[in-house]
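Participant:
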Amino acid sequence: MKNNSLFNQYEKLKAKYPDVIILIRITDFYHTFCKDAQIVSSLLKLELVNRTAESNTYGVTGFPASKLDKYLKTIVKSGNKVGICDQLHDPKHYPKDLYGRTIYPDAFNSYSPGHPWYYHLRGPIIMPQHIQPENIDNFLDVDVPKDLIKLERLQSKHRADLNKDIKRYLEVAESLDPDDINSCTSMSLKYNHIIYHLSYLKILSLKAGEQTTLFA
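Position 117 (the sequence shown) corresponds to 216 in the working numbering; numbering is contiguous.
#1: What would DSSP say about ASN179, mapped onto helix, strand or coil?
#2: Taking all protein chains shown into account, decide if ASP276 is buried (16 or more other Cβ within 10 angstroms of its Cβ) or exposed.
#3: Assuming contact is defined by CB atoms lying nearer than 9 angstroms, are LEU105 and TYR129 in contact in what I supplied?
#4: Can you tell me which of VAL271, ILE280 and TYR170 puts its alpha carbon nearest to the alpha carbon of SER140?
#5: Need the endpoints of the beta strand (DSSP E) that ARG124 sits in, please.
#6: Measuring alpha carbon to alpha carbon, tell me which residue in TYR109, LEU253 and ASN149 is nearest THR131.
#7: On the premise that LEU147 lies in contact with THR173, defined as a C-beta separation below 8 angstroms, what is that separation, rounded to the nearest angstrom?
#8: Is PRO223 helix, strand or coil by DSSP?
#9: Check the DSSP bridge columns for THR160 and list the partner residues they point to.
#10: Any idea which residues DSSP pairs ARG150 with across the strands?
#11: With DSSP as the reference, identify every bridge partner of CYS184, one or two as the case may be.
#12: Tell me whether THR303 is buried or exposed, calling it buried when 16 or more other Cβ atoms sit within 10 Å of its Cβ.
#13: Kindly list the residues whose CB is nearer than 7 angstroms to the CB of VAL159, restricted to its own chain and excluding five residues on each side of it in sequence; keep chain order.
#14: Under 9 angstroms, do PRO227 and LEU269 count as touching if we go by C-beta distance?
#15: Considering only the alpha carbon of each residue, which of TYR217, GLU251 and HIS229 lies closest to MET286?
Here it is, written out as structure tokens:
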């Protein structure tokens with residue numbers, strides 16, 4: 100199957116086979132969405148991730164291709180019919196990231212860079228200068244020091260911590276092994292640490308009524 104939009108392909112297949120659970124393989128993982136994802140995650144005790152696209156929220160789950168035979172028996176025994184879609188393209192034609200690793204288009208789009216599966220599915224590494232706070236709502240209640248000196252000290256601390264996390268983020272990125280879930284988890288944690296410090300610094304700047312440079 101061609102790798103356009105993974106979710107769009109799922110929707111087309113589901114419209115054609117509404118009574119069948121659709122499993123789509125990309126790299127070494129099988130994915131399914133929406134109601135199928137709810138059924139599969141419940142039967143197999145897998146994580147169900149909610150994603151939003153074009154104002155629509157849908158569930159997605161997946162499992163390693165190596166477990167297909169085992170999981171397929173469980174799904175079928177529960178009375179469900181299953182349709183399996185395998186990829187037909189040659190990975191050698193895919194683009195490479197900055198570290199020479201293959202990027203599988205659209206496979207990772209169901210996850211954010213803050214999730215280990217994003218890296219497991221060969222999502223491209225985002226350079227620190229391109230990382231932006233995703234949502235600062237959780238920081239709106241931050242107690243901002245009224246004393247300017249204390250405020251500057253707090254900002255300096257977060258900048259220092261941010262720079263440390265950026266350094267570590269780049270180190271983890273260089274040694275990232277997409278097939279090692281622990282390595283992917285470390286990468287997602289470092290990304291989330293950067294998001295945290297950027298968000299905190301942004302809300303401090305907004306509440307202090309001044310513009311600050313997030314990257315030193």
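Virtual Cβ for every residue (Gly too), placed ideally from N, Cα, C.
Facilitator: Result, derived from the coordinates:
#1: coil
#2: exposed
#3: no
#4: Selected option, being the one with the closest Cα: TYR170.
#5: 119 to 125
#6: TYR109
#7: Not a contact, Cβ separation roughly 16 angstroms.
#8: coil
#9: THR131
#10: TYR157
#11: ILE123
#12: A quick correction: the sequence has Leu, not Thr, at residue 303. Under this definition LEU303 is a buried residue.
#13: HIS130, PHE132, ALA136, VAL148, ARG150 and SER209
#14: Yes; because the gap between Cβ atoms is below 9 angstroms, this pair is in contact.
#15: TYR217
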